[in-house]
Each structure stands twice: as structure tokens, then as C-alpha cells.
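Q: One structure, as C-alpha cells, below. Some questions next.
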Amino acid sequence: MKITFLLLNPTSFLSVLITIITLISSIASQPAYTYPFCSDPQNITENASYTSNLSALLSSLSSKASLNSFYTDSSNGIYSLYLCRGDVSSNTCQTCINNATREIQRRCASNETAIIWYDECMLRYSNKNFHGVYQTYPRLFMWNNENTTSPDEQNFGALSLIYTLIEYVPYTDMMFGTNQSASHDGSQKRYALTQCSRDINSSDCSSCLGILRDDVTQCCQAKRGWRIFAPSCSIRYEESQFYQLSSTPVPVPSPQVPEPVPGGNGGKNTTMIVIATVVSSLAVAVALLLFWYFSCWKGARRTDPEKSRELDWPKRANIISGTARGLQYLHEDSRLKIVHRDMKASNILLDDQMHPKISDFGTARIFGGNQLEANTNKAWQLWNEGTGKELIDRNIIDSCPVSEALRWIHIALLCVQDDPARRPTMSLVVLMLGSNAVNLPQPSAGPKSLVKFTSILSRQSSASLSGSSFLASDHSTASVLLGS
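So this is what it looks like as C-alpha cells:
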């Protein structure tokens, strides 16, 4: 084989090197193209003036991108909007919008409505005024074809990040936020991002992100990465950092529980309500565990067996899920967030239809530390020994769906893990109670428990897709394979 070397003088070599570096830099600065959506063929217009007006409007819109990361404009009955990702620089935003403007006109100039997504920005227009109206159609789904090696933990970790962002992002000025965490052994990092278009209000932003969050269980569970785009919001999850380091992560609130009043009567005649941003979901775990342990497991020995049987499984399930929804409201949905003490069965009142009503909030009195610790450890001990079934009231064991009851105990144990960062949010608790779509990960050791947890539940199977798909409306779907 003959090898020939091309020798260049220093000046020529430097010139070639500069050209190559410039070319690489230019390619690297190009926005990552995602996908356009043009309106249905019947909405195509042959009106030359519409095309001309659209071109002028988009050109004007593009000129604003160097100064604004979000902008809306309208002219001659055409409405437009662009949104750059909250972490990108003004130069990246400008480049992305310039490319989006050219590409959307090339592909959809004759369409009355169109939207195009890039990793760094989104651009849309329509002959109908959509400003201030949140929309979730069309939706674009994209995911990594590779599955994670720990699907249950990955699904739980990803959804926990997204839930936390949904609670926070709608109420920020930018309606943008990032969040990150790591697997329990620190070997796998997780990164998430959510964003809303700033023409909608906080409530609509929360609703929009909630719809996309629910889509995750249908399209993307166990995937190493995924993203879902809608006109008014977007969410993304990856196992490598994809956003800029300058991006401000979601703040982690530090719940402050008031200490018992020293001396005196311990504040028996005073109910204290503390306003906070969010509280730990430990309370719901204690509520669930105590309901199972005292009302169910011990109930057969200290109550009338006949009356105990009247409180059958459907009624008990309704009480537990209703209590969880009530706590979700207190923790996340109420305008004023209430930091309360430990919930217990005596704080749950039942109306004539057996619907639960939370009373007292546990703010006036709390359990003694030793009692709470012992109760929680008893549940862990039975679970670790593979005898979690003993936590179920023997009066209903024959009619109770044991797998569902054990799943709920599993959820409660997730809520009392030593590491608060690994406990699910109240929204995620409610989702897990009401659906089997979320696979439950293996909890870490509970308080003062050194025994390795062994799950006795069968792993739920979930449908998996590959590539990406495009949801144009709530009645039809079209799949498009974009590769890994």
C-alpha cells in the first residue's frame, strides 16, 4: 500500500485549520431540528396575500429574538408566537428562531395553522387567535429506543422529578424549570425540564403539564430518555444533562415543623397553622400505615367483628384514597400550604356515605416519637419477613384483593424511606393509589430498619413503543420513526 502525505506550508495549513474550525462551529451552533406540524390539507389557502402577510409577520417576529426569549405578535388576521427554552442564550434563541421562521414557511407556508419544534425553541402561527389559550394538540412524543436496566426505579425517579417541577414551574416568571437527582446508589444521574408558553396563566400551565405527565405512562416508561411537546407546554427527561449549567434548578423546600411548646400544658388549647411552600409526604405514609396497622390489623381484636366486617374493602379503599387526595390538596393545591403534624385514624372523620373528612390536621397534638417509631418498624418487619398480608384486617381478608392491598402498603413504605428526597410527592402518591400504570421501585430501608427490603409484588408490565409518534388530536394518532 502506498501512502501519500500532502504537505502544506504553515500559512496554508493555518488557513485550512481556521476554515475547518469555523465550519465545525457553524454546524454546532445550528439548532437541533425536531418536527413541524402543518394543518390539515383542507385548511390550505391559495390566497397570495395571506402568504405575503405571513412572511412579513414572521420576519418581524424573528427580529425580536435577539432581545426577547418569548414574543407574541399579530397582523392582518394572523397570530404568531415564539418561545425559546429558558436556559439558552440570546444568540442561540436568535439562531433557532431564524431557522424556525425559514423552515416553517418552506414546509407550511400555504397552511392556515402550523407549529414547529426545535430542542431550543418553538414557533407557531394561525389564522385563529390562540394567544392566552392553552392547547395540548397537536402533541409530539419522542423517546430513546434503549430501555433502562432498572425500569421501576427509573420510572419512579423520572416521575418524581416531573411532579416536583409541575408544582413549581407554573408559578415562576419564566414558567421554566429544571430538576435533577440520582439513583439510590449514585450511579445514575437524572435530569428533567418543564416549560410553558408565557401567554397562558399559572393554572393553565399546571393543567397542560399535567396532561403531558399522564402521557408518560403510555409512551415512555422504562426509556432512558423522552420528551413530549405540546403547543402550550413541554416536558423532557434524560439520563445526561441536556440543559445549560446556568439554568436555575427547582428549589428544594425545607419544611419547618414547629417544635412542641416547652413547659406549660404543651399548647393543648392552641392550634398552630404554619404557612409554607410544600411539606414532606411523610404524613401521608404515617396516615396510611397507621390506618392499616391500627384500624385493620389490630381492629379485629379490639372492635366488634360484625361492625368491622361492615367496613369492607371498597369502603376502606375509598377512605385511604380520599384521605390521600385531601392531603394532596393541603400540600399542593391549596393557595395556603399547611404544615401539619402526623395524621392518624382518629383525625379522619366519616360522613353518612363513608366519605373521609380530615379534621384537626394533627396540629394540636402529635404522637410520641417512640410510639411512631415502633409502629412504623412493625410494618417494615412484617413486610421484610414476607408476611405483609398480616397487616390486613382478618375480617375482610377473604374478600379483599390482597395484591391491591399489598401494593398500597408498598406505597406507604416508599413514603417513609430514610432519605426524604426519595419519598414520592402527594400528587405521585395519589396517582400510584389510583393506577397500576406506575411500577413501584424497591424502597430503601425505613426508619431504623437494617433489613434488606424484598418486594413480594409481581412487577406490572407496561406497553412499550419505539421511536416517536405524533398525536394530532384526541381521536387519531400517526406514528413517525425518527430513529434512536
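In terms of UniProt numbering, the sequence shown is residues 1 to 484.
Where is the CB? At the ideal position from N, CA and C, for every residue including glycine.
Predicted, not measured: the structure shown is a model, and the values here were computed from it.
1. Can you tell me whether Asp119 is helix, strand or coil according to DSSP?
2. Could you compute how far the alpha carbon of Leu54 sits from the alpha carbon of Gly132?
3. Would you kindly report the start and end of the unbroken alpha helix (DSSP H) that includes Asn91?
4. Just confirm the distance between the C-beta atoms of Ala114 and Arg124, as a whole number of angstroms; I'd bet it's less than 8 Å.
5. Report, in whole angstroms, the separation of the C-beta atoms of Ala230 and Cys208, which I expect to be a contact under 8 Å.
6. Would Thr225 pass as a contact of Trp143 if the rule is Cβ separation under 8 Å?
7. Suppose the cutoff is 7 Å on Cβ atoms and the five residues either side in sequence are ignored; what does the same chain contact list for Leu428 look like?
8. Leaving out the 5 sequence neighbours to the left and right, which residues in its chain are closer than 7 Å to Cys400 when beta-carbon positions are compared?
9. Below 8 Å on the Cβ atoms is my guess for Cys93 versus Ala56; work out the distance and round it to an integer in Å.
10. When the Cα atoms are used, what is the spatial distance from Thr172 to Ser206?
11. For the ligand ATP, is there any heavy atom lying closer than 7 Å to the beta carbon of Glu146?
12. Please return the same chain residues whose Cβ sits closer than 7 Å to the Cβ of Arg85, not counting the five positions on each side in sequence.
13. Alpha carbon to alpha carbon, how far is residue 487 from Leu83?
14. Please confirm whether Gly434 and Leu406 have their CB atoms less than 8 Å apart.
15. Where DSSP assigns a beta bridge to Trp380, which residues make up the other side?
16. Alpha carbon to alpha carbon, what distance is there between Asp87 and Leu282?
17. Span of the beta strand (DSSP E) holding Ala182?
18. Please confirm whether Val438 and Asn155 have their CB atoms less than 8 Å apart.
19. Taking Lys128 as the reference, which of Asn111, Ile116, His410 has the closest Cα?
20. Hey, would you say Ala109 sits closer than 8 Å to Thr72, going by beta carbons?
21. Going by DSSP, what residue range makes up the beta strand (DSSP E) through Gln244?
22. Tell me, please, which residues DSSP counts as bridged to Trp226.
23. If you follow the alpha helix (DSSP H) that Thr51 is in, where does it begin and where does it stop?
24. To the nearest whole angstrom, what separates the beta carbons of Ile116 and Ile104, a pair I think is in contact under 8 Å?
25. Within 10 angstroms of the Cβ of Thr149, are there 16 or more other Cβ atoms? Answer buried if so, exposed if not.
26. Could you check the C-alpha separation between Arg227 and Leu165 for me, to the nearest Å?
27. Label Gly157 either buried or exposed according to how many other C-beta atoms from any shown protein chain fall within 10 Å of its C-beta, with 16 as the threshold for buried.
28. Give a yes or no on whether 8 Å exceeds the smallest Cβ distance from Ile78 to chain D.
29. As a quick exercise: from Ser89, Thr217, Ala222, pick the residue whose alpha carbon is nearest that of Glu153.
30. Based on DSSP bridge pairs, tell me the residues matched to Ala114.
A: On the basis of the data shown:
1. coil
2. 20 Å
3. 90-108
4. For a cut-off of 8 Å, the C-beta gap from Ala114 to Arg124 is around 7 Å, short enough to register as a contact.
5. 6 Å
6. With the sequence shown as reference, residue 225 is identified as Gly, and Thr is not the correct amino acid for it. Contact flag set, yes.
7. Leu159, Ser160, Tyr163
8. Its chain contains Trp313, Ile392 as the residues whose beta carbon lies nearer than 7 Å to that of Cys400, once the 5 sequence neighbours on both sides are disregarded; these appear in chain order.
9. Contact flag wrong, Cβ pair sits at about 21 Å.
10. 12 Å
11. The model depicted lacks the ligand ATP and carries no ligand whatsoever.
12. Glu120, Cys121, Gln195
13. Residue 487 is absent from the model: the chain starts at 1 and stops at 484.
14. no
15. DSSP, once it has assigned bridges, lists no residue as partnering Trp380.
16. For Leu282, the pLDDT reaches just 49, beneath the cut-off of 50, and the residue's location in the model is therefore unreliable, although a value from the coordinates is still provided. So the two alpha carbons sit approximately 33 Å from each other.
17. 176-182
18. yes
19. Asn111
20. no
21. Membership of Gln244 in any beta strand (DSSP E) is not indicated, and neither H nor E is assigned to it by DSSP.
22. The partner list for Trp226 (beta bridge, DSSP) reads Trp143, Tyr237.
23. 48-63
24. Yes, they are in contact, since the Cβ atoms of Ile116 and Ile104 sit about 5 Å apart, within 8 Å.
25. exposed
26. Cα to Cα, the separation comes out at about 15 Å.
27. With 16 or more Cβ atoms within 10 Å of its Cβ, Gly157 is classed as buried.
28. The structure shown contains no chain D, having only a single protein chain.
29. Looking at the Cα atoms, Ala222 is the closest of the given residues.
30. Cys38, Tyr125
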